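Colleague:
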Amino acid sequence: MRVNVLQHTPNEGPGAIQTWTQARGHKMYVYHPYQYGILPTADETDMLIVLGGPMSPNDDLDWIKQERVLIKQLLDAHKPIFGACYGAQQIAKTLGYAVHASPVKEVGWAPVTLQSQVIPGLPATSTVLHWHQEMFEIPDEAELLYSSKDLRNQGFVIEHEAIGLQFHFEPLADNVREMVVNDGAYTTGSILNETPQDILDTPVPADNEETVFKLLDYLNA
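If you count the sequence shown from 1, position 3 lands on 3 in this note's numbering, and the numbers rise without skipping.
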């Protein structure tokens, strides 16, 4: 299977998603549309991963609009899509739902609570990395998957076709360090009140990578 990854900033890579592709024997291709303006076609995509980034789906940029064209083509073709943070917002906006400022800025480690049993074997509570100040509205065709105490709309699932998460399960320890050393100033104003050093000092929960595997296996079933 060809897994096409859309990466939107150098310091937010696929992390555990790459581990999954290697373990399952898939081929991963990473695109950087913000830099090169190149996207895969729907025909050459078996699964699409849309990663996070500092931009907004509401930005008036051609490549952002073209990403939504691709997402729409894949949804129409019933090909699986996984979106993290900005990527989840792009899926929601493609389906016609609002992306807007969140009532809270969340940057750092904090728990989310599972709201649906549609995907087997997921932990009831997970400590995840938040790195956002915008949020999506849940599409009508989707089921609420995760919430936190500060924000209800943390994740959604559309049958076996799409998963969108406002937060990050995918970063491994090296990825977290890369995010913090390059974008640590973004912690300012976060409701979680964590410093860049606090984030670095928090070990990545071991079950986060396992959860990535369960989410992607579900999409690929």
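A virtual CB, placed ideally from N, CA and C, is assigned to each residue, including glycine. What you are looking at is a predicted structure, and each value in this text was computed from that prediction instead of being measured.
Applying the criterion that 16 or more other CB atoms from any shown protein chain within 10 Å of the CB defines a buried residue, is HIS132 buried or exposed?
Modeller: When all chains shown are included, HIS132 counts as buried.
Colleague: Can you give me the C-alpha to C-alpha distance between LEU114 and SER102, rounded to a whole angstrom?
Modeller: Straight-line Cα distance between these residues: approximately 20 Å.
Colleague: Quick check on GLU12: buried or exposed, where buried means 16 or more other Cβ atoms within 10 Å of its Cβ?
Modeller: By the 10 Å Cβ count, GLU12 comes out buried.
Colleague: In the DSSP assignment, find the unbroken beta strand (DSSP E) run with GLU161 in it and report its ends.
Modeller: No beta strand (DSSP E) holds GLU161; DSSP gives it neither H nor E.
Colleague: Can the beta-carbon of HIS100 be found less than 9 Å from the beta-carbon of PRO54?
Modeller: Not closer than 9 Å, so no.
Colleague: Mapping DSSP to helix, strand and coil, what is GLN133?
Modeller: Here GLN133 sits in strand by DSSP.
Colleague: Take every Cβ of the stretch 104 to 118, pair it with every Cβ of the stretch 127 to 146, and state whether three or more of those distances are shorter than 8 Å.
Modeller: Enough Cβ pairs lie closer than 8 Å, so yes.
Colleague: Consult DSSP for TYR29 and reduce its assignment to one of helix, strand or coil.
Modeller: Note: TYR29 maps to strand in three-state DSSP.
Colleague: Given a cut-off of 9 Å, decide if ASN220 and MET47 are closer than it, judged by their beta-carbon atoms.
Modeller: The answer is yes: Cβ separation under 9 Å.
Colleague: In the DSSP assignment, find the unbroken alpha helix (DSSP H) run with MET179 in it and report its ends.
Modeller: MET179 -> alpha helix (DSSP H) spans 173 to 183.
Colleague: Just tell me which of VAL118, GLU67, VAL180 has its CA closest to the CA of THR202.
Modeller: Nearest of VAL118, GLU67, VAL180 to THR202, Cα basis: VAL180.
Colleague: Touch check for the stretch 154 to 169 and the stretch 186 to 196: three-plus C-beta pairs under 8 Å?
Modeller: With the cut-off at 8 Å, the stretch 154 to 169 and the stretch 186 to 196 do not touch.
Colleague: Go ahead and label GLN90 buried or exposed: buried means 16 or more other beta carbons lie within 10 angstroms of its beta carbon, across all protein chains shown.
Modeller: Per the 10 Å Cβ criterion, buried.
Colleague: Around the C-beta of ALA84, are 16 or more other C-beta atoms found within 10 angstroms, so that it is buried, or is it exposed?
Modeller: It counts as buried.
Colleague: State buried or exposed for ASN193, treating a residue as buried only when at least 16 other CB atoms are found within 10 Å of its CB.
Modeller: When all chains shown are included, ASN193 counts as exposed.
Colleague: For THR45, which option in HIS78, ASP59, ASP62 has the closest C-alpha, if you only look at C-alpha atoms?
Modeller: If we check each option's Cα against that of THR45, HIS78 comes out closest.
Colleague: May I ask you to list the residues that DSSP assigns as paired with ARG2?
Modeller: In DSSP, ARG2 forms a bridge with LYS27.
Colleague: Using the three-state DSSP reduction, which class does TYR36 fall into: helix, strand or coil?
Modeller: Reduced to three states, the DSSP call for TYR36 is helix.
Colleague: Tell me the DSSP bridge mates of TYR146?
Modeller: Looking at the DSSP assignment, TYR146 forms a beta bridge with LEU114, GLY155.
Colleague: Provide the residue span of the beta strand (DSSP E) that contains PHE222, from first to last.
Modeller: Not covered by the structure: residue 222. The range shown for the chain is 1 to 221.
Colleague: Using 10 angstroms around the beta-carbon of ALA96, count the other beta-carbons present and answer buried if the total reaches 16, otherwise exposed.
Modeller: Inspection of the sequence shows that residue 96 is occupied by Gly rather than by Ala. GLY96 comes out exposed.
Colleague: Would you report the Cα separation of THR21 and VAL5, rounded to the nearest angstrom?
Modeller: Approximately 11 Å, taken between the alpha carbons.
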